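Numbering (this note's numbering), first residue to last: 9 to 555.
Worksheet: the structure to be examined is printed underneath.
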């Protein structure tokens, strides 16, 4: 027997229609590439998104064809989110931090038909223009009078001129909810990246999930600042969830330094922000240097890389801001877990609560988790036993775009399909996940595993250390031993002996690193993650003391 409910598809166009109808005057504030502050609202975004859809129709783009964006967080980018996907095309957000060769490869692999870009990325576009034959239309996200006269791109048009010629009356198509909606390429460090092709259904389910009270707790009275870029896994789904709940959105544009982010937070009374640790490190540095405080910020979601405990403590103890530690992957849409305490944890002492908050958190509905050994056998959820992390769910990839990499799934003893994350983790009896390492980064010393993340967290807790990475170095007896690669804070004085002494009592003696190498900077990837593979290449000739 089937239920007797209306059968209406879950579509991205439903989100912007709902926002327009029920909270159309909620603000969308953007710091533009031009440098000024622009104010819009959901009602205006909805109308302009319909103009985008009409413009794509006029260009003859078929359903399912890809429209690329090379843009910062802002209102025009948001309009494309809805106008492209809502009309049945696929939004392809491109990371401008990629190398030119990789960026051109991605555009060609996606077979993008249109590429819309912020003017600040014009040099990138000029570099790839002749290498991207599938792109038929190049659109600069600017006013008509700001269009560069000699850009060297025939047919280049202004976004504002393009949509101004279109009607804001448009009937969103009735699509199958499994229709492709957006395309996000992974930030893999080896070979060409692979792409997750999201559906309308997976995107709406993700928006529901991250809005829940035990996840990001999004509300209409919030002012949300997505510092995480819209080109990085759709800003963790916030542009969709915000439309669902009707909260104010504050977009930082290209100004992601600590001073600019803080001033925008204060001016717009931001209550929740989301971003990667590197951005928050700059923000905290600005606060500490100026003796500043937050007047409105209540909570921040930190993901993309493990949040150092020292950063978590600083936010919560020094500034009264709750940190929601999160973990996810492009392949998960992307949020997989988020750390919020259960009722029974509220009576625990602050230090005990802090130990829980340092974990990546509990599974968010739509993602199930398991840890297994090398033979694929399930391991106990005891908070101590580490294994390879597997996930499954209705918003987890089944395969990559164009079948790249073959079948990515593994089957358990019951034939159930799981996606292998490449992470090593523990899961405690209360369901809290703790990532102990990437499988490729775990250090194997004398047959035992050492967590590089744990050793990095101890290093950055030292008052003189700004950033640290831990890699394994070959050892004639123990196979591998940990080496810390550290960046000092400006003006700080610390040597290897000082930092190694700092480890005493904070981890098992046999896990204490064998040495420290100080560097000016640690190589970072396009999404703000440390590139340990690059570090290993740079230090391939390094030998540990006494070996």
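Glycine included, every Cβ here is placed at the ideal spot set by N, Cα and C.
This structure is a prediction, so every number in the text was calculated from the model and none was measured.
Check for me: the alpha helix (DSSP H) holding residue i runs from which residue to which?
i: residue 117; result: 108 to 118
i: residue 486; result: Unbroken run through residue 486: none, as it is neither H nor E.
i: residue 136; result: 130 to 136
i: residue 146; result: Run containing residue 146: none in the alpha helix (DSSP H); it sits in the beta strand (DSSP E), 145 to 148.
i: residue 508; result: 504 to 510
i: residue 464; result: 460 to 468
i: residue 26; result: 20 to 31
i: residue 52; result: 50 to 66
i: residue 453; result: No alpha helix (DSSP H) holds residue 453; the beta strand (DSSP E) holding it covers 451 to 453.
i: residue 170; result: 167 to 172
i: residue 91; result: 83 to 94
i: residue 543; result: 540 to 546
i: residue 246; result: 246 to 253
i: residue 501; result: Unbroken run through residue 501: none, as it is neither H nor E.
Is the beta carbon of residue j closer than 7 Å to that of residue i?
i: residue 190; j: residue 93; result: yes
i: residue 79; j: residue 149; result: yes
i: residue 38; j: residue 91; result: no
i: residue 343; j: residue 479; result: no
i: residue 234; j: residue 282; result: yes
i: residue 378; j: residue 354; result: no
i: residue 278; j: residue 264; result: no
i: residue 228; j: residue 276; result: no
i: residue 248; j: residue 546; result: no
i: residue 167; j: residue 143; result: no
i: residue 540; j: residue 477; result: yes
i: residue 466; j: residue 514; result: yes
i: residue 542; j: residue 531; result: yes
i: residue 269; j: residue 305; result: no
i: residue 497; j: residue 529; result: no
i: residue 313; j: residue 537; result: yes
i: residue 27; j: residue 50; result: yes
i: residue 53; j: residue 10; result: no
In or out: residue i buried (at least 16 other Cβ within 10 Å) or exposed?
i: residue 75; result: buried
i: residue 31; result: buried
i: residue 320; result: buried
i: residue 242; result: buried
i: residue 402; result: exposed
i: residue 103; result: buried
i: residue 257; result: buried
i: residue 114; result: buried
i: residue 207; result: buried
i: residue 413; result: exposed
i: residue 394; result: buried
i: residue 29; result: exposed
i: residue 356; result: exposed
i: residue 325; result: exposed
i: residue 214; result: buried
i: residue 95; result: buried
i: residue 97; result: buried
i: residue 204; result: buried
In terms of residues, what are the limits of the beta strand (DSSP E) holding residue i?
i: residue 101; result: 98 to 101
i: residue 304; result: Looking at the DSSP string, residue 304 is not in any beta strand (DSSP E), and its letter there is neither H nor E.
i: residue 443; result: 440 to 446
i: residue 38; result: 35 to 39
i: residue 234; result: 231 to 234
i: residue 435; result: 425 to 435
i: residue 77; result: 74 to 78
i: residue 190; result: 188 to 193
i: residue 206; result: 203 to 207
* Check whether the region 161 to 179 touches the region 12 to 28, counting contact only when three or more Cβ pairs, one atom from each stretch, lie closer than 8 Å. => Under the Cβ criterion (8 Å, minimum of three pairs), the region 161 to 179 does not count as touching the region 12 to 28.
* To do: Examine the Cβ distances between the region 521 to 529 and the region 488 to 505 and report whether three or more of them are shorter than 8 Å.
  => yes
* Evaluate contact between the region 440 to 449 and the region 364 to 382, counting only Cβ atoms and requiring at least three cross-stretch pairs below 8 Å. => yes
* **Segments of 3+ residues assigned as beta strand (DSSP E) that fall wholly inside the region 255 to 299** => 256 to 259 and 280 to 283
* **Three or more C-beta pairs below 8 Å linking the region 449 to 458 and the region 499 to 509** => no
* Please go through the region 321 to 369 and give each complete beta strand (DSSP E) segment of 3 or more residues, from N-terminal end onward. => 330 to 336 and 343 to 346
* 3 or more residues per run - each beta strand (DSSP E) lying fully within the region 379 to 411 -> 395 to 400
* Would the region 110 to 125 and the region 60 to 75 be scored as touching if the rule is three or more Cβ pairs under 8 Å? -> yes
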